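Participant:
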Amino acid sequence: MFNSLNRIQNTFGFFTTVAFVLASFIALSDFVTPRAPSAGTIVPESVQVVKGRPHYYSSKKEEYAIVKFSLDASLESLFTWNTKQVFVYVTVEWPEPGADNVTNSAVIWDQIITSPSADHLSNLSPVALRKLKRSAEGKSIDPSRGKLKIKNQKPKYQITHPTGKLAEAEDVRLRLHYSVQPWFGILTFDQESDIGLWKAFKGGVSELFKLPALKKKTTT
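Next comes the structure, spelled out in structure tokens:
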């Protein structure tokens with residue numbers, strides 16, 4: 086009645102249906118797991134504005150800012166058995182002069198925090214990866230993951246502006262962001278309001294400050 090091809094198709098269809106239903110239950114399980122990420126105030130430790138080529142491939146000299154910062158954050162509640170990794174990054178934001186409701190934003194630092202089940206995906210050296218795996222042995226969820234205590238962190242990226250002018254910009258602030266990547270389900274980002282057991286992200290914003298005047302090089 087059924088040839089081999091029909092039986093293979095039916096078996097594959099049944100398997101994909103079961104896999105889809107199982108993946109749906111796993112994705113929905115995130116909504117019954119509490120999330121309450123929070124962070125203290127980000128503190129800009131050192132701010133400089135210099136003129137030069139911010140990148141080796143830059144074709145012209147322009148003003149760019151270098152911002153060092155410190156922060157404490159508690160993001161461990163974002164890690165569940167369905168969490169693959171959490172992407173954390175810090176931005177610098179300031180309003181565009183002369184334009185209403187226009188905000189400039191630039192990323193100055195980022196980090197990927199993997200769960201113990203995804204440590205093999207980390208871009209780490211063999212020695213650091215062995216230490217990370219050893220610390221996570223026997224743990225489905227590592228309680229220390231997501232705890233950030235950063236002091237006087239150097240930025241990974243400089244801040245620039247299309248106009249090439251950046252010195253003495255006002256109402257500047259630092260902001261911490263996160264993005265959760267699950268094994269199954271949807272990507273979730275900064276949460277501004279409570280949704281069931283998921284609580285809004287608290288803190289992670291610095292006080293307003295002003296970028297300094299252009300730092301000039303001295304010659305002898």
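In our numbering, the protein residues as written are 86 to 305. No residue lacks a Cβ here, since even glycine has one placed at the ideal position from N, Cα and C. Just so it is clear, the structure is predicted and the values come from calculations on it, not from any experiment.
1) For ARG138, count neighbouring Cβ atoms within 10 angstroms of its own Cβ and tell me buried if that reaches 16, exposed if not.
2) Is there at least one non-hydrogen atom of the ligand ADP closer than 6 Å to the beta-carbon of PHE154?
3) Could you name the residues of the same chain whose beta carbon sits closer than 6 Å to that of ASP195, not counting the 5 residues immediately before and after it, in chain order?
4) Rounded to the nearest angstrom, how far is the Cβ of ASN167 from that of TRP268, given a contact under 8 Å?
5) Alpha carbon to alpha carbon, what distance is there between GLN243 and PRO122?
6) Measuring alpha carbon to alpha carbon, tell me which of LYS216, PHE172, ASN91 and LYS153 ends up nearest LYS241.
7) The alpha helix (DSSP H) that contains GLY98, what's its start and end?
8) Report the rounded CA-to-CA distance for GLN276 versus ARG258, giving the unit in angstroms.
9) In the DSSP output, which residue or residues are listed as bridge partners for ILE235?
10) Within the continuous beta strand (DSSP E) that includes PHE172, where are the two ends?
11) Beta-carbon separation of GLU161 and LYS232 under 7 Å?
12) Between which two residues does the beta strand (DSSP E) containing PRO267 stretch?
13) Compute the beta-carbon to beta-carbon distance between VAL171 and ILE198, rounded to the nearest angstrom, for a pair I have assumed lies under 8 Å.
14) Just to confirm, is the Cβ distance from ALA124 to GLY270 under 7 Å?
15) Of the residues PHE286, THR273, SER278 and HIS246, which one's Cα is nearest the Cα of LEU261?
16) Taking the alpha carbon of GLU147 as the point to measure from, which residue in GLY281, ALA252, SER200 and ALA184 has its own alpha carbon closest?
17) Spatial neighbours of SER109 within its chain, please: C-beta separation below 6 Å, excluding the five flanking residues on both sides.
18) Out of curiosity, what's the CA-to-CA distance linking THR245 and ASP256?
19) Determine the DSSP secondary structure at ASP204, reduced to helix, strand or coil.
20) Closest to GLY288 by CA distance: which of ARG92, VAL128 and ASN88 is it?
21) Check PRO129 in the structure and name its three-state DSSP category.
22) Taking the alpha carbon of PRO201 as the point to measure from, which residue in GLY183, LYS169 and ASP115 has its own alpha carbon closest?
Facilitator: Let me lay it out:
1) exposed
2) This structure lacks the ligand ADP; in fact it carries no ligand of any kind.
3) TYR174
4) 5 Å
5) Spanning the two alpha carbons is a distance of roughly 27 Å.
6) LYS153
7) 89 to 114
8) Cα-Cα distance, rounded: 19 Å.
9) Paired residues: LEU156.
10) 168 to 180
11) yes
12) 258 to 267
13) 5 Å
14) no
15) PHE286
16) ALA252
17) Correct list: empty, nothing qualifies.
18) 16 Å
19) helix
20) VAL128
21) Note: PRO129 maps to strand in three-state DSSP.
22) The candidate whose alpha carbon is nearest that of PRO201 is LYS169.
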